[in-house]
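Numbering (our numbering), first residue to last: 19 to 346. Contents: one structure, followed by commentary.
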């Protein structure tokens, strides 16, 4: 037995060595998994949860498939979000900003190198496209997200006033449309026929509402720039508050919020006496009032969270109005 072990040399692992190797592998995988989580955790409440709500409600999935389709939507959203977050955080300027503002992120904390982050991003992009193909939906939005992310992060689209809001709105549209397609499943892949095709009607209401949501976001998205003006100035970005001034930027938000609060309800066909009509207007007014009543960085972050709640309400409005979504 000893001779056999000597002949085989390093090819034999003793039980304790096997356990050690297994432990190292588990630790390494846990490290990478946690790093990936840190890349995107900040956007769970702004992207993943609202888009999940949008997808499953606008697709009106059958009850017996609801949990299954919802889990697929969640996985698709997370894969694509991780890619975009890594792309947004991996250049030198972003790392320098995060060292000051978010030192716990993987790159400033040196949990990963930029090259390792890029490799993970590429694998996640490939995984997102493969996943979309397997789920019979979401391929087009996933490809569009790659293009939008490249324009935003690598071509400097995120550094200029107009392109920043337009690309952000495009990103939200792609996330919402992709979530709807994944929730529809095979119905989405067959609903691109003629407008008279019943299956065609499964996706169109979601597309129309996603466009309306994107318009809302494009005109109010600079609310996220109000609390990060110092970091944006350091990176040389030309955001709305830095270009037109803090006060004027707040006024544009106040006006937009007070228009979209009732207008979004009207577009969804919601009666003025409906509770959700009042909820939308109250949330919009709350955001508008907070923009002037509370103007420091921490309070602007809280105002941004209220804005996200309002956006989530807008996502589900068609369920409460005459703009009914197809039940497939």
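A virtual CB, placed ideally from N, CA and C, is assigned to each residue, including glycine. These numbers were taken from a predicted model, which means no experiment stands behind them.
query: Residue interval of the alpha helix (DSSP H) (run including residue 198); result: 179-202
query: C-beta contact flag for residue 334 and residue 282 at 8 Å; result: no
query: For residue 66 and residue 102, the rounded distance between their alpha carbons; result: 12 Å
query: Contact the segment 134-143 vs the segment 89-109: 3+ CB pairs below 8 Å; result: yes
query: Limits of the unbroken alpha helix (DSSP H) element including residue 136; result: 132-152
query: Close beta carbons around residue 129, own chain, < 6 Å, minus the five adjacent residues each side; result: 53
query: Beta-carbon proximity of residue 100 to residue 70, cut-off 8 Å; result: no
query: Distance between residue 242 and residue 163 (C-alpha atoms, nearest Å); result: 20 Å
query: Beta-carbon proximity check, residue 278 vs residue 251, cutoff 8 Å; result: no
query: contact_flag[the segment 230-240, the segment 180-193] where n(CB pairs < 8 Å) is 3 or more; result: yes
query: Whether residue 178 touches residue 97 by CB criterion (8 Å); result: no
query: Straight-line Cα distance separating residue 289 from residue 125; result: 49 Å
query: Of the listed residues 73, 56, 59, nearest to residue 231 (C-alpha basis); result: 73
query: Same chain, Cβ closer than 8 Å to residue 123, neighbours up to 5 away in sequence not counted; result: 56, 57, 107, 116
query: Classification of residue 196 by the beta-carbon crowding that lies within 10 angstroms, buried from 16 upward; result: buried
query: Backbone CA spacing between residue 328 and residue 111 [nearest angstrom]; result: 32 Å
query: Residue 266 (DSSP reduced to helix, strand or coil); result: helix
query: Coil, strand or helix - residue 350 by DSSP; result: With the chain covering 19 to 346 only, the question about residue 350 has no answer from this structure.
query: Outcome for residue 142 when other beta-carbon atoms lying within 10 angstroms are tallied against a minimum of 16; result: buried
query: Neighbourhood of residue 156 by C-beta distance below 7 Å, restricted to the same chain and skipping five residues each side; result: 94, 150, 196, 199, 200
query: Residue of 297, 273, 267, 175 minimising C-alpha distance to residue 254; result: 175
query: Reduced DSSP secondary structure (H/G/I, E/B, other) of residue 113; result: helix
query: Alpha-carbon spacing of residue 340 relative to residue 183, whole angstroms; result: 30 Å
query: Inter-residue spacing [alpha-carbon to alpha-carbon] between residue 317 and residue 89; result: 34 Å
query: DSSP three-state assignment for residue 331, whether helix, strand or coil; result: helix
query: Closest residue to residue 68 among 194, 48, 298, 265 (Cα-Cα distance); result: 194
query: Pair within 8 Å by beta-carbon distance, residue 268 and residue 309; result: yes
query: 8 Å Cβ cutoff met for residue 324 and residue 304; result: yes
query: Within 8 Å, strictly: CB atoms of residue 292 and residue 322; result: no
query: Under the three-state DSSP convention, the category residue 340 falls into; result: coil
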